[in-house]
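Notes to accompany the following structure.
There are 2 protein chains.
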Amino acid sequence: MGHSQSEKKSNHERIVRTAAKRLREKGLEAVAIADVMKEVGLTVGGFYKHFDSRDDLVVEALRAASWQRSAQPADASEPSLSLAAFIDEYLSEKHRDRPGSGCLIGALAGDVARSNKRIRALATEKVRSALELIAGVLPGTTKESARKKAALTLSALVGALALSRAVSDESFSDEILQSVRELLKSVGTTDESSSVGAKSL
Amino acid sequence: MGHSQSEKKSNHERIVRTAAKRLREKGLEAVAIADVMKEVGLTVGGFYKHFDSRDDLVVEALRAASWQRSAQPADASEPSLSLAAFIDEYLSEKHRDRPGSGCLIGALAGDVARSNKRIRALATEKVRSALELIAGVLPGTTKESARKKAALTLSALVGALALSRAVSDESFSDEILQSVRELLKSVGTTDESSSVGAKSL
DNA sequence: ATTATCTATAGATCTATAGATAATGC
DNA sequence: ATTATCTATAGATCTATAGATAATGC
Chain C
1 MGHSQSEKKS
11 NHERIVRTAA
21 KRLREKGLEA
31 VAIADVMKEV
41 GLTVGGFYKH
51 FDSRDDLVVE
61 ALRAASWQRS
71 AQPADASEPS
81 LSLAAFIDEY
91 LSEKHRDRPG
101 SGCLIGALAG
111 DVARSNKRIR
121 ALATEKVRSA
131 LELIAGVLPG
141 TTKESARKKA
151 ALTLSALVGA
161 LALSRAVSDE
171 SFSDEILQSV
181 RELLKSVGTT
191 DESSSVGAKS
201 L
Chain W
1 MGHSQSEKKS
11 NHERIVRTAA
21 KRLREKGLEA
31 VAIADVMKEV
41 GLTVGGFYKH
51 FDSRDDLVVE
61 ALRAASWQRS
71 AQPADASEPS
81 LSLAAFIDEY
91 LSEKHRDRPG
101 SGCLIGALAG
111 DVARSNKRIR
121 ALATEKVRSA
131 LELIAGVLPG
141 TTKESARKKA
151 ALTLSALVGA
161 LALSRAVSDE
171 SFSDEILQSV
181 RELLKSVGTT
191 DESSSVGAKS
201 L
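Chains as they are written, first to last, in our numbering: chain C, 1 to 201; chain W, 1 to 201.
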């Protein structure tokens, strides 16, 4: 029953990390405090020395979790390539099958819509930063054009991931991922005069 | 305490319709039997003469709910126009703000991914029919091309709707809807040689 | 006689708190 | 002395069932 400050800090971090994983796997409502504590190797009672409420844990866990799987494009000098690689990873079968270590927005957008103000405000900033990051690496003659394309790209990424996870027929799920990967890359990697349509043929 | 056969049938339908609405508003797990029954004007006890389990109600409610807000494109001779109109309606502020009467897939894709086999199998068919319907009204030189575009379109629709609902900043939410509406229509209404990129400028 | 509905409740589960215990840290 | 953790439990909520009640329908 040790309880040094450093041990508490370590436990706190493990609680947050475990919660962040389970939330993405099971949704914002389906994760129970007792289960998280048990997984960390603790019991329910100690929880409230770490958080005032369950909601506080959820907020902290969401804050800790990233919206993107891989971090910022490592090489900013090759934006298109990075974006294409990012799209391939985001819409990979691996990402689809591992929501716990995957994109926060993709896993929880539906839940957040029904959630409270605090959580929605937090999600808003996550979505905003995602959109801006994508807009930054997209080709576009104007900022506005790049931002619009980024909205389409982000929406298609999130939607295709959600659909591929919802569908139980694996080959159909694979088809969705592959189709969207292919068409979406042409939005990002080609210049203004080339076409999603042409690329898709 | 009337209980004629016709009254039972009518009650059954009202239970299903009410559940279908609340499920889309609150998610697959957050709707309680007692609340649905109360809204219909009945009490909990009677529920199990209508359904063997809560899961049976959910399945029937999902079956009853449509994935699309407006029905099939009324005029098949103008596919592009219909699709554009459908995109405008799907990504409207009205649809965003009324999930209860809106698209089933858009509201519940995230929940379905964590759900049981029965519900996922049902959702799979809903997604499949949605994809096929969109592919049918999309221009494309080959069936394969149209199907790929349909996957992108459906993903972007579902993703943009989810993001617009998750975000609490209304002008940001409007921006997402508008951007995706605009770019998505160019995928459907232009021929193969024109471009999403060009249209977006 | 059958059955659609009601009231009441058993059993499960979840958040949050109360009080005990034992290691830390002044 | 403080406090991080534990065990135990109160209170809320939800699914499902039991048994009573009263209208239907043969």
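Heads up, the beta-carbon is just placed ideally off N, CA and C, and yes, glycines get one too.
Quiz item: Hey, would you say residue 134 of chain C sits closer than 8 Å to residue 161 of chain C, going by beta carbons?
Solution: Stepping through the first sequence from its first residue, residue 134 of chain C is reached at position 134. Stepping through the first sequence from its first residue, residue 161 of chain C is reached at position 161. Contact flag unset, no.
Quiz item: Which residues in the same chain have their Cβ closer than 8 Å to the Cβ of residue 40 of chain W, if we skip the five residues on either side of it in sequence?
Solution: On the second sequence, position 40 is the one that residue 40 of chain W refers to. The answer, listed in chain order, is 11, 14, 15 and 18.
Quiz item: For residue 126 of chain C, which residues from the same chain have a beta carbon less than 7 Å from its beta carbon, with the 5 sequence-adjacent residues on both sides left out?
Solution: Within the first sequence, residue 126 of chain C is the residue found at index 126, counting from 1. So the list reads 67, 104 and 105, once near-sequence residues are dropped.
Quiz item: Looking at C-alpha atoms only, which residue of W:187, W:184, W:4 and W:178 is the closest neighbour of residue 93 of chain W?
Solution: As a working note, residue 93 of chain W is residue 93 in the second sequence. Measuring from the Cα of residue 93 of chain W, the nearest candidate turns out to be W:178.
Practice problem: Could you name the residues of chain W that residue 43 of chain C contacts, counting a contact when the two beta carbons are closer than 9 Å? | Solution: For the purposes of this step, residue 43 of chain C is taken as residue 43 along the first sequence, with counting starting at 1. Within chain W, not a single residue places a beta-carbon under 9 Å from that of residue 43 of chain C; the smallest gap is close to 25 Å.
Self-check item: Spatial distance of residue 86 of chain W from residue 44 of chain C (CA atoms)
Solution: Position 86 of the second sequence, counted from the start, is the residue given in the question as residue 86 of chain W. Position 44 of the first sequence, counted from the start, is the residue given in the question as residue 44 of chain C. Their Cα atoms are separated by approximately 50 Å.
Self-check item: Member of C:101, C:144, C:9 and C:52 whose CA lies at the smallest distance from the CA of residue 182 of chain W
Solution: Stepping through the second sequence from its first residue, residue 182 of chain W is reached at position 182. Of all alpha-carbon atoms in C:101, C:144, C:9 and C:52, the one lying nearest the alpha-carbon of residue 182 of chain W is that of C:144.
Quiz prompt | Residues that residue 26 of chain W contacts on chain C, provided the C-beta gap is smaller than 8 Å | solution = Sequence index remark: in the second sequence, residue 26 of chain W carries index 26 (1-based). In chain order, 114 make up the part of chain C whose C-beta sits under 8 Å from the C-beta of residue 26 of chain W.
Self-check item: Buried or exposed (CB count within 10 angstroms, at least 16 for buried), residue 90 of chain W
Solution: Against the second sequence, residue 90 of chain W aligns to sequence position 90. Buried, by the Cβ-count rule.
Quiz item: With a cut-off of 8 Å, does the C-beta of residue 176 of chain C fall near any C-beta of chain W?
Solution: Here residue 176 of chain C corresponds to residue number 176 of the first sequence, with the count starting at 1. Yes, its Cβ sits closer than 8 Å to a Cβ of chain W.
Practice problem: At 4 residues or longer, and completely inside the region 114-155 of chain W: list those alpha helix (DSSP H) runs for me, N to C. | Solution: Complete alpha helix (DSSP H) runs here, min 4: 117-137.
Practice problem: Report the residues of the region 110-138 of chain W with a CB closer than 7 Å to any CB of chain C, ordered along the chain. | Solution: Close to chain C, meaning a Cβ-Cβ distance shorter than 7 Å, are the following residues of the region 110-138 of chain W: 110, 111, 112, 113, 114, 117, 120, 121, 123, 124, 127 and 128.
Quiz item: Relative to the C-alpha of residue 24 of chain W, which residue among W:146, W:101 and W:140 is closest?
Solution: Mapped onto the second sequence, residue 24 of chain W falls at position 24. Minimum Cα distance to residue 24 of chain W is reached at W:101.
Exercise. Please say whether residue 129 of chain C and residue 28 of chain C have beta carbons closer to each other than 8 Å?
Key: The residue you call residue 28 of chain C lines up with position 28 of the first sequence. The residue you call residue 129 of chain C lines up with position 129 of the first sequence. Cβ atoms of residue 28 of chain C and residue 129 of chain C: not closer than 8 Å.
Quiz item: Which residues, in chain order, does the region 162-175 of chain C contribute to contact with chain W at a C-beta distance below 8 Å?
Solution: Cβ contacts with chain W: 162, 163, 165, 166, 167, 168, 169, 172 and 175.
Quiz item: For residue 107 of chain W, which three-state DSSP category applies?
Solution: Locating residue 107 of chain W in the second sequence gives position 107, counting from the first residue. It is helical.
Exercise. Would you mind stating whether residue 122 of chain C and residue 63 of chain C have Cβ atoms separated by less than 8 Å?
Key: For the purposes of this step, residue 122 of chain C is taken as the residue at position 122 of the first sequence. For the purposes of this step, residue 63 of chain C is taken as the residue at position 63 of the first sequence. Taking 8 Å as the Cβ cut-off, residue 122 of chain C and residue 63 of chain C qualify as a contacting pair.
Exercise. Check whether the Cβ atoms of residue 172 of chain W and residue 141 of chain C sit closer than 8 Å, and answer yes or no.
Key: Position 172 of the second sequence, counted from the start, is the residue given in the question as residue 172 of chain W. Position 141 of the first sequence, counted from the start, is the residue given in the question as residue 141 of chain C. For the 8 Å CB-CB criterion, residue 172 of chain W and residue 141 of chain C do not form a contact.
Quiz item: In chain W, which residues lie with their C-beta within 9 Å of the C-beta of residue 108 of chain C?
Solution: Numbered from its first residue, the first sequence carries residue 108 of chain C at position 108. What residue 108 of chain C touches in chain W: 110 and 166.
Exercise. Report yes if the C-beta distance between residue 158 of chain C and residue 163 of chain W is below 8 Å; otherwise report no.
Key: Reading the first sequence from its first residue, position 158 is the one you call residue 158 of chain C. Reading the second sequence from its first residue, position 163 is the one you call residue 163 of chain W. Going by C-beta atoms, residue 158 of chain C is nearer than 8 Å to residue 163 of chain W.
Quiz item: Shorter than 8 Å from the beta carbon of residue 160 of chain W to some beta carbon of chain C?
Solution: As a working note, residue 160 of chain W is residue 160 in the second sequence. Contact of residue 160 of chain W with chain C is assigned, a C-beta pair being separated by under 8 Å.
Quiz item: Closest Cβ-Cβ distance between residue 66 of chain W and chain C: below 8 Å?
Solution: Numbered from 1 along the second sequence, position 66 holds the residue referred to as residue 66 of chain W. For residue 66 of chain W, the answer is no, since every Cβ of chain C falls outside 8 Å of its Cβ.
Quiz item: Can you find a CB in chain C that lies within less than 8 Å of the CB of residue 185 of chain W?
Solution: Reading the second sequence from its first residue, position 185 is the one you call residue 185 of chain W. Under the Cβ criterion of 8 Å, residue 185 of chain W is not counted among the residues facing chain C.
Quiz item: When the cut-off is 8 Å and only beta carbons count, does residue 29 of chain C lie next to chain W?
Solution: Residue numbering aside, residue 29 of chain C sits at position 29 when the first sequence is read from its first letter. With 8 Å as the cut-off, residue 29 of chain C counts as an interface residue toward chain W.
Quiz prompt | Helix, strand or coil at residue 64 of chain W according to DSSP, with G and I counted as helix | solution = On the second sequence, position 64 is the one that residue 64 of chain W refers to. The answer is helix: DSSP assigns residue 64 of chain W an H, G or I state.
Quiz prompt | Status (buried if at least 16 other CB within 10 Å, exposed otherwise) for residue 111 of chain C | solution = Here the question's residue 111 of chain C lines up with position 111 in the first sequence. Residue 111 of chain C should be labelled buried.
Self-check item: For residue 170 of chain W and residue 138 of chain C, the rounded distance between their alpha carbons
Solution: What you label residue 138 of chain C is simply residue 138 of the first sequence in a count that begins at 1. What you label residue 170 of chain W is simply residue 170 of the second sequence in a count that begins at 1. Cα to Cα, residue 138 of chain C sits roughly 25 Å from residue 170 of chain W.
Practice problem: State the start and end residues of the unbroken alpha helix (DSSP H) segment that holds residue 23 of chain W. | Solution: Indexing the second sequence from 1 puts residue 23 of chain W at position 23. Element bounds for residue 23 of chain W: 5-26.
Quiz item: residue 157 of chain W by DSSP, collapsed to three states: which one?
Solution: On the second sequence, position 157 is the one that residue 157 of chain W refers to. In the structure shown, the three-state DSSP call for residue 157 of chain W is helix.
Self-check item: Cutoff 8 Å: residue 203 of chain W Cβ touching any chain C Cβ
Solution: Nothing can be reported for residue 203 of chain W, as the shown portion of chain W is limited to 1 through 201.
Practice problem: Could you round the C-beta distance between residue 146 of chain C and residue 165 of chain W to whole angstroms and report it? I think they count as a contact, below 8 Å. | Solution: As a first step, residue 146 of chain C is located in the first sequence; it is residue number 146 there, counting from the start. As a first step, residue 165 of chain W is located in the second sequence; it is residue number 165 there, counting from the start. At roughly 24 Å, the Cβ-Cβ gap does not stay under 8 Å, so residue 146 of chain C and residue 165 of chain W are not in contact.
Exercise. Reducing DSSP to helix, strand and coil, say where residue 50 of chain W ends up.
Key: Numbered from 1 along the second sequence, position 50 holds the residue referred to as residue 50 of chain W. Correct three-state label for residue 50 of chain W: coil.
Practice problem: Tell me whether residue 56 of chain W sits in a helix, a strand or coil according to DSSP, three-state version. | Solution: Taking the first residue of the second sequence as position 1, residue 56 of chain W is located at position 56. In this structure, residue 56 of chain W counts as helix in the three-state DSSP scheme.
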